[in-house]
Structure formats: C-alpha cells, structure tokens
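Its first residue numbered 7, the sequence shown is counted upward by one per residue in my numbering. By construction, the Cβ of each residue, glycine as well, lies at the ideal position given by its N, Cα and C atoms.
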Amino acid sequence: MKESKSANGTVLEATNLVKRYGHVTALDGADFELRPREILAVIGDNGAGKSTLIKALAGALVPDSGEIWLDARRVHFKGPNDARRAGIETVFQDLAVAPAMSIAENLFLGREIRRAGLAGSVLRMLDKRRMMAESAAHLAELRIGVGSMTQPVETLSGGQRQSVAVARSAAFARHVVIMDEPTAALGVKESGMVLELIRAVRDRGLAVVLISHNMPHVFEIADRIHVQRLGKRVAVLNPREVSMSDTVAVMTGAIRPEELPTVAQSTPLRV
C-alpha cells in the first residue's frame, strides 16, 4: 500500500472504477467517497451498477481498473477476507446467519474465540463463556433487545435477525459497515428498529454505507445520497436541500443534477 495524495478527509474512496462482464459494462469510471462517521445512502435503478460498486468496495469482486483508498492508503482487495482484515464489514441482503445456531455463535461465526493454553491450541476448545459475555456486551452497546445469547437465531423475528447480522458487523468493523437493503421485507416497526440500529452504529464512530430502494428510509437516515446511474456516480445530494421527487428524477435520468433547484454536491464529480 502507498500513501494517498488526497487530503479530503474521506475514510473510504474509489476513483474511476471499471468492471466489465463480457460486452456489459457494470462500472464505467465510477467514483465513490465516504466521510468518517456518516451514513451515506447509495441509490440507483436496476442496472445502475450500485451492487457491483459495493461488491468492489467489500472485496467481493476485483475491478478491472481504478483505485480504492482506505484511510488515505491505497488498498487492493483480492477477496472479502481482505476487506474484513482492513476493517470493512458487509451485511448482505441474505444476512448469512446460521438459523440453527445461537445468537452468540452467529456473532462469532468464523471468528470463534478459543480457550487459553493447550485446551485451545491443541484441543481447539472454544471459550463459550467469553463469547457469550462479549456478545451480550455488543448487543447492549447497540441497544438491541433480545433474549438469551443461547437463543437460536431461527426463533427471532426478521428485524431481530437483521439486528444480529448488523451487530456482528459492527463488532468487528474498524472503519466501515456496508448494509445492503437492511429493511427489505421488514414491517414498519421492525424497519424503524433497524434504522435506529444504523444510527447507533454511526454513533459508535463507524461510517455506514446504506444501499436501499426505500426512499423514505433514505431521506430519514442518510447524511448524503450517492446517486448511481449507468455505471457511474452522477451526483452526491444533500437530503435536507433536495426533494425526494427531484432525487428520483436524477436517479432515473429525467433531469440532470445541474438542473436541480438546489444541488448539494459535496465533492467534484468526475462524470
């Protein structure tokens, strides 16, 4: 990794990302900027390239060209584990929880704590007591109310399962938590619970990327809105200065960003 020449205070940045699948260009010189301790919503129609962009940032795919910077250092993610080791955690839409396993087991899935000494190093015995205690502490810090840490995840509601997945990411993230459609298929009450959880993650000092089709949720919670269209970023909008209808119009291409009555473009856009 090398030092970035950029001094714009971003925690995660991408410049000129390109990703092609045969004759289809999913990312066409896409740019991205995430500030510390903000909730950045990423929106776009189907085929806009937002999922490909997020997968590149999460290490789930390698772009054909372009650069990704984390805390002013250039990074090269060859897989999701590289991104996790760098401090980026992702909650994908399928949650990737193990329904039959307990809440504590899910929080430490793939990161199990082993006992000290020979019991852990040779016999590979898990320190279940410590994992239970740390799981309870993580959930309490995010104000997530569930039953016992031994409760199987399959017994939880949809919102509670989402909360467990988010808590797992927040527990291990050092820089960024990426959330893909976290309120999809949830009711009003459970969606509200998840939105509060996203705020709690931000309040812990982490930057949050929210991918969502739900515009009311985006306008309720986002500090800024990244608009993706035809494989690139076309605008970064301030939800307190731009209407929901105008934002949708930019997203669909009905109007250009410069035609908006008020445009809060927080970074120079490379379009």
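CB of residue i within 8 Å of CB of residue j, strictly
i, j, result
"Asp-186", "Phe-83", "no"
"Val-215", "Leu-33", "no"
"Val-170", "Asn-112", "yes"
"Leu-201", "His-219", "no"
"Ala-176", "Val-207", "yes"
"Pro-188", "Gln-168", "yes"
"Lys-238", "Gly-28", "no"
"Val-5", "Met-221", "It is not possible to answer for residue 5, since the shown part of the chain is limited to 7 through 277."
"Pro-69", "Leu-23", "yes"
Residues near residue i in its chain [Cβ-Cβ closer than 8 Å; skip 5 each side]
i, result
"Leu-67", "Lys-25, Thr-58, Lys-61"
"Gly-336", "Because the chain in this structure spans residues 7 to 277, residue 336 falls outside the shown range and cannot be described."
"Met-107", "Leu-115, Pro-158, Val-159"
"Asp-133", "Ile-119, Arg-120, Arg-121, Ala-122, Gly-126"
"Gly-15", "Arg-41, Pro-42"
"Ile-204", "Ile-45, Val-172, Met-185, Pro-188, Val-214, Leu-216, Ile-227"
"Leu-148", "Ser-169, Val-172, Ala-173, Ala-176, Leu-203, Ala-206, Val-207, Arg-210"
"Arg-136", "Ile-119"
Own chain partners of residue i with C-beta closer than 6 Å, once the 5 adjacent residues on each side are dropped
i, result
"Gly-65", "Phe-83, Gly-85, Pro-86, Asp-88, Ala-89"
Proximal residues to residue i (C-beta, below 7 Å), its chain only, five neighbours per side dropped
i, result
"Gly-164", "Ala-191, Leu-192, Glu-196"
"Leu-145", "Val-152, Ala-173"
"Gly-259", "Arg-235"
"Thr-31", "Gly-237"
"Ala-142", "Met-155"
Rounded distance between the beta-carbons of residue j and residue i, thought under 8 Å
i, j, result
"Ala-213", "Val-17", "5 Å"
"Ile-74", "Ala-228", "With 8 Å as the limit, Ile-74 and Ala-228 do not qualify as a contact, their Cβ atoms being about 22 Å apart."
"Val-159", "Ala-104", "7 Å"
"Arg-235", "Gly-72", "Not confirmed; about 17 Å, so no contact."
"Phe-38", "Ala-20", "4 Å"
"Val-256", "Val-242", "Rounded, the Cβ-Cβ distance is 11 Å, inconsistent with contact."
"Met-155", "Met-138", "5 Å"
"Asn-244", "Arg-262", "Not a contact, Cβ separation roughly 17 Å."
"Leu-63", "Ile-184", "7 Å"
"Met-250", "Phe-225", "6 Å"
For a minimum of 4 consecutive residues, which ranges assigned as the alpha helix (DSSP H) are wholly contained in the stretch 37 to 73? 56 to 63
Unbroken stretches of the alpha helix (DSSP H), 4 residues or longer, contained in the stretch 127 to 152: 134 to 147
What alpha helix (DSSP H) runs, 4 residues minimum, are completely inside the stretch 176 to 235? 194 to 209, 221 to 227
Could you tell me which uninterrupted alpha helix (DSSP H) segments, each at least 4 residues in length, are contained entirely in the stretch 232 to 265, listed from first to last along the chain? 250 to 258
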